[in-house]
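In my numbering, the protein residues as written are 52 to 135.
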């Protein structure tokens with residue numbers, strides 16, 4: 052039961068990161084540089100969250116770090132393609 056409560060807390064943090072990023076991105080509509088900065092910050096926060104989450108759960112492996120990093124990188128690349 053304690054593990055489940057910890058996971059809920061972790062996923063609430065992730066939801067806050069993503070919701071905050073999306074909300075700020077929409078709020079800054081029209082300011083491309085700020086939107087790119089928010090996108091990069093949100094992506095880096097997502098990667099950091101994934102690494103920390105798996106380190107706390109003691110199931111962190113190089114494969115996990117590569118996966119989160121690649122997903123974050125793809126998000127940033129797509130953001131650059133769409134905004135520029």
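Note that CB positions come from ideal geometry on N, CA and C, so glycine has one too. Being a predicted model, the structure only gives us computed values, none of them experimental.
Note down, in chain order, each residue of its chain lying with its Cβ closer than 7 Å to the Cβ of residue i, except the 5 sequence neighbours on either side.
| i | result |
| --- | --- |
| residue 86 | 76, 79, 134 |
| residue 109 | none |
Taking residue i as part of the alpha helix (DSSP H), name the residues at either end of that continuous run.
| i | result |
| --- | --- |
| residue 82 | Neither: residue 82 is in no alpha helix (DSSP H) and is coded neither H nor E. |
| residue 114 | 113–134 |
Residues in the same chain with beta-carbon distance under 6 Å from residue i, minus the five sequence neighbours each way, listed in chain order, please.
| i | result |
| --- | --- |
| residue 126 | 94 |
| residue 115 | 105 |
| residue 119 | 98, 101 |
Tell me, to the nearest whole angstrom, how far the beta carbon of residue i is from that of residue j; I am working on the premise that it is less than 8 Å.
| i | j | result |
| --- | --- | --- |
| residue 123 | residue 97 | 6 Å |
| residue 130 | residue 90 | 4 Å |
Apart from the five residues on each side of it in sequence, which residues of its chain come closer than 8 Å, Cβ to Cβ, to residue i?
| i | result |
| --- | --- |
| residue 92 | 72 |
| residue 68 | 93, 96, 97, 100 |
| residue 64 | 100 |
The stretch 59–67 touching the stretch 78–92, judged by at least three CB pairs closer than 8 Å: no
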